[in-house]
Every structure is written in structure tokens, then in C-alpha cells.
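One structure below.
Residue numbers (full-length UniProt numbering): 1 to 283.
This is how it looks when you write it as C-alpha cells:
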């Protein structure tokens, strides 16, 4: 490499590191006093002014962790590119292995409804220049995170203007929803580990059911984007949710694309969610 090329390379690296912003922050859970990590990506323009930005909360799936969205995808710069392109702060919080983003009545240390809706949101609004109101927030996620995004937006309609789900594990009770037998067993075990058995505590399952709470989206003007791969084992529950939303006259964006339950699918799907949210959130 000649001297001119070397100088250009170093200048490019300095510019990139100066404006591309990714923080790993630590946020305590107010119910359990456990501190978890989150990745926060700010757009390049964040360091150049004083304006406030809309925030997207991006949730990981089961058997995952907060860093998945930056480490599991093939394009490691994708989140930064999307933050830059749409002018969003993108937050990727911890959701543990199988929390489903609920406050568990069974597992004392699994209190992730409170953690996301209270602790993470408050931390972001206090420490970053966010648009700290419903019109400046959206939430989406994959698989378990898809359930979490739909659940949290219905549980806390004052917080989020829009919610999305990619390959969402839509409901805690999946019997009769067209899942393969083993998949139904696995998803059922996941929910049972944090809610207790459905036979013993049916009211808990009713309470957290996405289907049972879809009226909230219409009543509070929450915009929805739902998608799933046609080869995904969760395609039938997603189709059923779409049918229920149509039946109830609840406006939403629903898409099926090629692909299965994989990072290749989610990496392709996420930019569509940003397009959807960018058309809605206050800038």
C-alpha cells in the first residue's frame, strides 16, 4: 500500500469510528436487581447535533441474547446502516433464554415485562436524546421476540405507536394451530417454564394471549407489521393471527416471504420493518 492509499484508508477509518456509534450499556432490572447488557446503535448524525430521535426496540429470540442482532447476521454493519438510513436509535436489550418478555409468576428472576417496558425505556429516555413519547417508539423482534413485541405493545399501549413480529411464536396455547407435533411440545415447554402448566393455571395463558388482546391495537391506534417465512414451522399461527385481525377489522401489514426460521430470513425481513416504522414515527 503506497503512502497516499494508506492515508486515505486511515482517514476513512477515523471518519467511520467518529460517526458510527454502538454502545454496550448495562441496565438494572428494578424488580430483581439483576443487571443486563443491551446494545444501543445511534445514527451517524446523532453526534452532529442536538435533535431527538425515534427509538426502535429490537428483541431477540429464544435461546438467544442481546447481542444476537449484531453478531448472528451476515452483514455485521446492517443495524448501523438502518440506523443511519432512517434516523433511528436502535436498542437491542436482553430477554434471557426463555422469558418471552413476560413477568413470570413462576421464576422469580425472570421479570422481563417490567424490565423492557419500564427499566430499558426509562434508561434510554434518560441517557439518550430520544423522542420520549409513544409517537417516537416502535418495537419488533424475531420468534420469541415477535411474541414479546406484540405482547408488550398491547400490555403498554401508552408506550409504543407501532409493533412488529418476524416469525413470531404468536401465542402461548398453540394446540390446534397447525404446528408440527415436536414444535408444539417445545414451544409449550417454553411457556410452561415461566407460566406454569396450562392445565393448572389456564387464566395466566388467557391473560398473555395475543389473540385475546388484539382489540387493544385497534382501541389505541397501534400499527402492526407481521411477517413469516412460508417454510417456517410457525407459519400457521401467523396466518391465523392475520385472519383474526382481518375478521376484527384491525388494520395491519401482513407479509409472507420465502424462507424459514433462520437468520437469513430475519436479516432480509428487518429492513422492511424499518421502512414501515419510519413512515409512522415522529421525527
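From the three backbone atoms N, C-alpha and C, an ideal C-beta is built for every residue, glycine too.
A quick note: this is a predicted structure, and the numbers were derived from the prediction, not measured.
**Coarse secondary structure for residue 57, derived from DSSP in three states** = Of the three classes helix, strand and coil, the one that applies to residue 57 here is strand, per DSSP.
**Message:** Counting C-beta neighbours from all protein chains within 10 Å, is the total for residue 104 16 or more, i.e. buried, or is it exposed?
**Reply:** It counts as buried.
**Request:** Check the Cβ-Cβ distances between residue 198 and every residue of chain D, and say whether any is below 8 Å.
**Result:** Included in the structure is just one protein chain, with no chain D present.
**Message:** I want to know whether the stretch 245-252 touches the stretch 119-128 - three or more CB-CB distances under 8 Å.
**Reply:** At 8 Å Cβ cutoff, the stretches do not touch.
**Asked** Can you round the beta-carbon distance between residue 91 and residue 55 to whole angstroms, since I take them to be within the 8 Å contact cut?
**Response** Approximately 6 Å separates the beta-carbon atoms of residue 91 and residue 55; this is inside 8 Å, confirming the contact.
**Euclidean distance between Cα positions of residue 82 and residue 277** = Roughly 12 Å separates the two Cα atoms.
**Message:** Quick check on residue 271: does DSSP put it in helix, strand or coil?
**Reply:** Helix.
**residue 23, enclosing beta strand (DSSP E) - first and last residue** = Residue 23 -> beta strand (DSSP E) spans 21-28.
**Item:** Touching by the beta-carbon criterion (3+ pairs, under 8 Å), the stretch 65-82 and the stretch 111-120
**Value:** Contact fails between the stretch 65-82 and the stretch 111-120, because fewer than three Cβ pairs, one in each stretch, are under 8 Å apart.
**Request:** Kindly identify the DSSP beta-bridge partner or partners of residue 163.
**Result:** DSSP output for residue 163 lists 139 and 224 as bridge partner(s).
**Request:** Classify residue 287 as helix, strand or coil using the three-state DSSP reduction.
**Result:** Since the first and last residues shown for the chain are 1 and 283, residue 287 lies out of range.
**Item:** For residue 62, the nearest candidate out of 207, 191, 200 and 241 (CA to CA)
**Value:** For the residues 207, 191, 200 and 241, the minimum Cα distance to residue 62 belongs to 191.
**Request:** Report all residues from its chain with a CB closer than 6 Å to the CB of residue 265; omit the five preceding and five following residues, and keep chain order.
**Result:** Shown here for residue 265: same chain residues with a beta carbon closer than 6 Å to its own, the five before and five after excluded, namely 229 and 259 in chain order.
**Request:** Give the DSSP-derived three-state secondary structure of residue 293 in the structure shown.
**Result:** Since the first residue shown for the chain is 1 and the last is 283, residue 293 is missing from the structure and cannot be characterised.
**Request:** Counting only the same chain and skipping the five closest in sequence on each side, list residues whose C-beta sits under 8 Å from that of residue 35.
**Result:** Closer than 8 Å at Cβ, skipping near neighbours: 26, 27, 28 and 29.
**Request:** Kindly indicate the opening and closing residues of the beta strand (DSSP E) around residue 89.
**Result:** First-last of the beta strand (DSSP E) with residue 89: 89-93.
**Request:** Return the bridge partner residues of residue 38 from the DSSP annotation.
**Result:** According to DSSP, which records beta bridges pairwise, residue 38 is partnered with 25 and 93.
**Message:** Only counting the same chain, and skipping five residues up and downstream in sequence, which positions put a Cβ closer than 8 Å to that of residue 248?
**Reply:** Cβ contact annotation for residue 248 (same chain, cutoff 8 Å, sequence separation greater than five): 214, 215 and 218, in chain order.
**Item:** Closest Cα partner of residue 208 within the set 239, 156 and 246
**Value:** Closest by C-alpha distance to residue 208, out of 239, 156 and 246, is 156.
**Prompt:** Between the C-alpha atoms of residue 47 and residue 23, what's the straight-line distance to the nearest angstrom?
**Reply:** Rounded to whole angstroms, residue 47 to residue 23 spans 13 Å at the Cα level.
**Message:** Less than 8 Å between the C-beta atoms of residue 285 and residue 140, yes or no?
**Reply:** No statement about residue 285 is possible, as the shown extent of the chain runs from 1 to 283 and does not include it.
**Message:** Less than 7 Å between C-beta atoms, sequence neighbours within five positions excluded: which residues of the same chain meet that for residue 145?
**Reply:** Sequence-distant Cβ neighbours of residue 145 in its own chain, meaning closer than 7 Å and more than five residues away, are 59, 60, 61 and 95.
**Item:** Burial state of residue 221 (16 or more Cβ within 10 Å)
**Value:** Result: exposed.
**Request:** Tell me whether the beta-carbon of residue 281 lies closer than 8 Å to the beta-carbon of residue 164.
**Result:** No. Outside cutoff.
**Prompt:** Does DSSP put residue 339 in a helix, in a strand, or in coil?
**Reply:** Because the chain is modelled from 1 through 283, residue 339 falls outside the range shown and cannot be assessed.
**Asked** Buried or exposed: residue 185, going by 16 or more other Cβ atoms within 10 Å of its Cβ?
**Response** An exposed status is given to residue 185, since fewer than 16 other beta-carbon atoms sit within 10 Å of its beta-carbon.
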